[in-house]
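A.B. asks:
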Amino acid sequence: MRHPIDLEALGTLFVHRVAPVAALLHIGLSASLIDQRSRPGGPWQRLFPSIFLLSRAGPSREQLVQAALLYAGEGAMLTAFDALYLHGMRAVLPSADAIHVLAPRHSRAWGHAALRLERTDRLPKPVLRRGFHVAPLERAAVDAIRRTRSIPDTKAILDEVTHFVGIQALRAELALAPHKGTTLARKLLGDSPARQLELAVMDRRLPAPRTPLPVG
2 MRHPIDLEAL
12 GTLFVHRVAP
22 VAALLHIGLS
32 ASLIDQRSRP
42 GGPWQRLFPS
52 IFLLSRAGPS
62 REQLVQAALL
72 YAGEGAMLTA
82 FDALYLHGMR
92 AVLPSADAIH
102 VLAPRHSRAW
112 GHAALRLERT
122 DRLPKPVLRR
132 GFHVAPLERA
142 AVDAIRRTRS
152 IPDTKAILDE
162 VTHFVGIQAL
172 RAELALAPHK
182 GTTLARKLLG
192 DSPARQLELA
202 VMDRRLPAPR
212 TPLPVG
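This note's numbering puts the sequence shown at residues 2 to 217.
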């Protein structure tokens, strides 16, 4: 007997074809059917606990990001390299590394191989980029810096983001960030008198900070 719901077209109802199990159950699918279709070789894929990709292809990076945010729950937002990319930054592009998501302290989600979930009491107000909730540019930059030990990459992130938010905004965000992983950035944006003079000269030469163009 044919199922009353067109299962092949069902993915078009969900953003990026990514659906939480609660939504699938709500429209009338049974738990056994969902499990059957998401087994290895089936037409659907389980990306995170209770989060499914309604396609046998992929997943793309956007689909993984959508799944990660749904799994992390209300209040979660993207940060670090994927967030920088969605902000329009191109100095250091996202790789195949785990997606970094900020979540409220009370989130019941857990990190996975494809997800670095950071519970925090210091959640910034998110901004919308290409339909995704992402951390503000300075927070995304500092979180990205915390995940790289590369001097060229750290300098590239600081140089590009500085043009948009200014040095002081980055220094203020660094002051609130954990020391682990930010030592190099703190040195590059140090507070010594000599460095302050250097930054003052740079500020005169650089164009005024501008707002990134919306990308979504």
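In this text, a Cβ means the ideal position worked out from N, Cα and C, and glycines have one as well. The structure presented is a predicted model; accordingly, all values stated were derived computationally and were not measured.
Evaluate the contact criterion for the region 49-58 versus the region 18-32: three or more CB pairs, one atom per stretch, below 8 angstroms.
C.D. replies: yes
A.B. asks: Ends of the alpha helix (DSSP H) at Leu-26?
C.D. replies: 22-27
A.B. asks: Looking only at its chain, what residues have a beta carbon closer than 8 angstroms to the beta carbon of Gly-112, apart from the 5 residues adjacent to it on each side?
C.D. replies: Ala-99 and Leu-118
A.B. asks: Buried or exposed: which applies to Ser-61, given that a residue is buried once 16 or more other Cβ atoms fall within 10 Å of its Cβ?
C.D. replies: exposed
A.B. asks: If you check the beta carbons only, do His-27 and Leu-70 fall under 8 angstroms apart?
C.D. replies: Taking 8 angstroms as the cut-off, the Cβ atoms of His-27 and Leu-70 do not count as close.
A.B. asks: Near Arg-120, what residues of its chain come up, given a Cβ to Cβ distance below 6 angstroms and the 5 sequence neighbours on each side ignored?
C.D. replies: Ala-104, Arg-106 and Ser-108
A.B. asks: Please state whether the Cβ-Cβ distance between Thr-183 and Arg-147 is less than 8 angstroms.
C.D. replies: yes
A.B. asks: Please classify Gln-37: is it buried, with 16 or more other beta-carbons within 10 angstroms of its beta-carbon, or exposed?
C.D. replies: Under this definition Gln-37 is an exposed residue.
A.B. asks: Looking only at its chain, what residues have a beta carbon closer than 6 angstroms to the beta carbon of Leu-25, apart from the 5 residues adjacent to it on each side?
C.D. replies: Ile-35
A.B. asks: Tell me whether Glu-75 is buried or exposed, calling it buried when 16 or more other Cβ atoms sit within 10 Å of its Cβ.
C.D. replies: Flag for Glu-75 reads exposed.
A.B. asks: With H, G and I counted as helix, E and B as strand and the rest as coil, what does DSSP make of Glu-119?
C.D. replies: strand
A.B. asks: Alpha carbons only, please: which of Asp-160, Ile-52 and Phe-82 is nearest the one belonging to Ala-136?
C.D. replies: Phe-82
A.B. asks: Starting from Arg-130, trace the beta strand (DSSP E) both ways and give me its first and last residue.
C.D. replies: 128-130
A.B. asks: Within 10 angstroms of its Cβ, does Pro-127 collect 16 or more other Cβ (buried), or is it exposed?
C.D. replies: buried
A.B. asks: Quick check: the Cα distance between Gln-1 and Leu-87, rounded to an integer number of angstroms?
C.D. replies: A query on residue 1 cannot be resolved here, the shown segment of the chain reaching from 2 to 217 and no further.
A.B. asks: If you run the structure through DSSP and keep just helix, strand and coil, what is Arg-47?
C.D. replies: strand
A.B. asks: Express the C-alpha separation of Leu-124 and Val-166 in angstroms, rounding to a whole number.
C.D. replies: 19 angstroms
A.B. asks: Assuming Ala-104 is part of the beta strand (DSSP E), what are its boundary residues?
C.D. replies: 100-105
A.B. asks: Leaving out five residues before and five after Tyr-72 in sequence, what residues of the same chain have Cβ atoms less than 6 angstroms from its Cβ?
C.D. replies: Only Phe-49, Ile-52 and Ala-110 meet the Cβ criterion.
A.B. asks: Under 8 angstroms, do Leu-175 and Ala-186 count as touching if we go by C-beta distance?
C.D. replies: Taking 8 angstroms as the cut-off, the beta carbon of Leu-175 is found closer than this to the beta carbon of Ala-186.
A.B. asks: Among Ala-23, Val-22 and Gly-29, which one has its Cα closest to the Cα of Asp-7?
C.D. replies: Gly-29
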